[in-house]
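*Asks:* The opening position of the sequence shown corresponds to residue 1 in full-length UniProt numbering, with each subsequent residue numbered one higher. Note that beta-carbon positions come from the ideal geometry of N, C-alpha and C, so glycine has one too. Bear in mind that the values here come from a model prediction, so they are computed numbers and not experimental data. One structure follows; several queries about it will come next.
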Amino acid sequence: MEKYADTHSQDVDSESATLIASESLHDETSQRRQNFVWLTLFNLFIFVISMLSMVCTVMSQRDPTGNTAAQLMNQFDVFSPLMHKVEYSRTQFNFASPVNSSKYVGITDDVDDAWVELAFLPDQLVSKADYSRLHKPTTDAIEATDPKTGETGYRVGVEVFHQLHCLNLLRMATYPEHYTKVSWSDTNRPAEQVRTHLDHCIETLRVNLMCFADVNVFPLRRKEGVAGDEPDYNTAHVCRNFEQIKEYVRENGLPTMDD
1 MEKYADTHSQ DVDSESATLI ASESLHDETS QRRQNFVWLT LFNLFIFVIS MLSMVCTVMS
61 QRDPTGNTAA QLMNQFDVFS PLMHKVEYSR TQFNFASPVN SSKYVGITDD VDDAWVELAF
121 LPDQLVSKAD YSRLHKPTTD AIEATDPKTG ETGYRVGVEV FHQLHCLNLL RMATYPEHYT
181 KVSWSDTNRP AEQVRTHLDH CIETLRVNLM CFADVNVFPL RRKEGVAGDE PDYNTAHVCR
241 NFEQIKEYVR ENGLPTMDD
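Written as structure tokens, this is what we have:
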């Protein structure tokens, strides 16, 4: 009887030890699993933070100024040495009233000076390294040297000032009795040459207006005593900072080819 009791006691002790060992192993396994989960979550957290940091770094390096124009031009593989100089602002249009009170309307010397200030800006330099981004051959490109830095590259014009030149030509063409007698005017040329120049300018302005396709709207109003509607063109727009562009072009301009 005592022998059976001893044997039974040993069996119970053995089972208890096995159970304790099993529970200990289970606890150790659970702890390891829990540690693995926490380690995985921690690594995932570090990965997410790293990815966010990388995205922020890439975006900041892509264009340090956050320049919308530069981002779009890069996206569509279009280059300009001024692409990072474009800034946007909300601008309220306020047209002169009466229209002929604008300093750009008329045939006086002051009006001509205003247009010279507006449209006749110097050419710019594109470095030889960047010129390939224009996707144009260099075989007939005009080489130039930056007088400030000594850097060599190729001469380019800036579109907006070509367009303003064209607009000025159309303006002068509406006053033929005056500008055909002015020696420096492009309308004081043989009729066929003037006609070709005017057609070129009309096409230039048409293409650019269609390219930028202004989607701003203007209200139509009723005016007492007047038949039909009256448009209100004095509306808000998102505009590029023209004065800043003009200042940059003037400060970084090349001497004229005659200099």
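Given a threshold of 16 other Cβ atoms within 10 Å of its Cβ, counted over all protein chains shown, does residue 172 qualify as buried or as exposed?
*Replies:* Here the question's residue 172 lines up with position 172 in the sequence shown. Buried: at least 16 other Cβ atoms inside 10 Å.
*Asks:* Please confirm if the segment 115-126 is in contact with the segment 247-258, defined as three or more CB-CB distances below 8 Å between the two stretches.
*Replies:* Short answer: they touch.
*Asks:* Go ahead and pull the three-state DSSP assignment for residue 144.
*Replies:* Taking the first residue of the sequence shown as 1, we reach residue 144 at position 144. Here residue 144 sits in strand by DSSP.
*Asks:* For the putative contact between residue 169 and residue 211, defined by C-beta atoms under 8 Å, what is the C-beta separation to the nearest angstrom?
*Replies:* Taking the first residue of the sequence shown as 1, we reach residue 169 at position 169. Taking the first residue of the sequence shown as 1, we reach residue 211 at position 211. Actually they do not touch by this definition, with Cβ atoms about 20 Å apart.
*Asks:* Do residue 155 and residue 134 have their C-beta atoms within less than 8 Å of each other?
*Replies:* Here residue 155 refers to the residue found at position 155 when the sequence shown is read from its first residue. Here residue 134 refers to the residue found at position 134 when the sequence shown is read from its first residue. For residue 155 and residue 134, no; Cβs fall outside 8 Å.
*Asks:* Quick one: is residue 215 buried, meaning 16 or more other Cβ sit within 10 Å of its Cβ, or exposed?
*Replies:* One-based indexing of the sequence shown puts residue 215 at position 215. It counts as exposed.
*Asks:* Going straight from the alpha carbon of residue 217 to that of residue 107, what length do you get?
*Replies:* Numbered from its first residue, the sequence shown carries residue 217 at position 217. Numbered from its first residue, the sequence shown carries residue 107 at position 107. Each residue's Cα considered, the two are about 31 Å apart.
*Asks:* Distance, Cα to Cα, residue 127 vs residue 151?
*Replies:* Taking the sequence shown and counting its residues from 1, one reaches residue 127 at position 127. Taking the sequence shown and counting its residues from 1, one reaches residue 151 at position 151. Roughly 7 Å separates the two Cα atoms.
*Asks:* Report all residues from its chain with a CB closer than 7 Å to the CB of residue 100; omit the five preceding and five following residues, and keep chain order.
*Replies:* In the sequence shown, the residue the question calls residue 100 occupies position 100. Within the same chain, residue 100 has close Cβ partners 106.
*Asks:* For residue 193, which beta-bridge partners are listed by DSSP?
*Replies:* Numbered from 1 along the sequence shown, position 193 holds the residue referred to as residue 193. For residue 193, which the question treats as bridged, DSSP gives no partner whatsoever.
*Asks:* Given 8 Å as the limit, is there contact between the segment 181-193 and the segment 224-243, that is, 3 or more CB pairs closer than that?
*Replies:* Short answer: they don't touch.
*Asks:* What is the rounded straight-line gap between the Cα of residue 238 and the Cα of residue 93?
*Replies:* Residue 238 sits at position 238 when you count from the first residue of the sequence shown. Residue 93 sits at position 93 when you count from the first residue of the sequence shown. For residue 238 and residue 93, the distance between alpha carbons rounds to 10 Å.
*Asks:* By the three-class DSSP mapping on this structure, what secondary structure does residue 213 have?
*Replies:* Indexing the sequence shown from 1 puts residue 213 at position 213. Coil.
*Asks:* Consult DSSP for residue 230 and reduce its assignment to one of helix, strand or coil.
*Replies:* By one-based count along the sequence shown, residue 230 stands at place 230. Correct three-state label for residue 230: strand.
*Asks:* Can you name the start and end residues of the alpha helix (DSSP H) that residue 131 belongs to?
*Replies:* Locating residue 131 in the sequence shown gives position 131, counting from the first residue. First-last of the alpha helix (DSSP H) with residue 131: 128-131.
*Asks:* Below 8 Å between beta carbons: does that hold for residue 160 and residue 245?
*Replies:* Within the sequence shown, the letter at position 160 stands for residue 160. Within the sequence shown, the letter at position 245 stands for residue 245. For residue 160 and residue 245, yes; Cβs fall inside 8 Å.
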